[in-house]
Amino acid sequence: MGNFIFDNLLIIGPAIVALISCFLLLQNIRKYQQELQSLTHKKTGRSRN
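Each residue of the sequence shown is one higher than the one before, counting from 1 in my numbering.
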């Protein structure tokens, strides 16, 4: 049983890490887009949240 769990961890572990990194990347992209939008709104003189 221990070997079975360990083998699954070797497969599932990297998959979980990849999912988490993708999730963090998406959140960072969303924050970056919001910052870009606020910057462009400041340039045009419209501050809209």
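C-beta: ideal position from N, C-alpha, C; glycine also.
Straight-line Cα distance separating residue j from residue i
i: residue 30; j: residue 7; result: 36 Å
i: residue 42; j: residue 23; result: 29 Å
i: residue 11; j: residue 39; result: 43 Å
i: residue 28; j: residue 34; result: 10 Å
i: residue 4; j: residue 16; result: 18 Å
i: residue 9; j: residue 19; result: 15 Å
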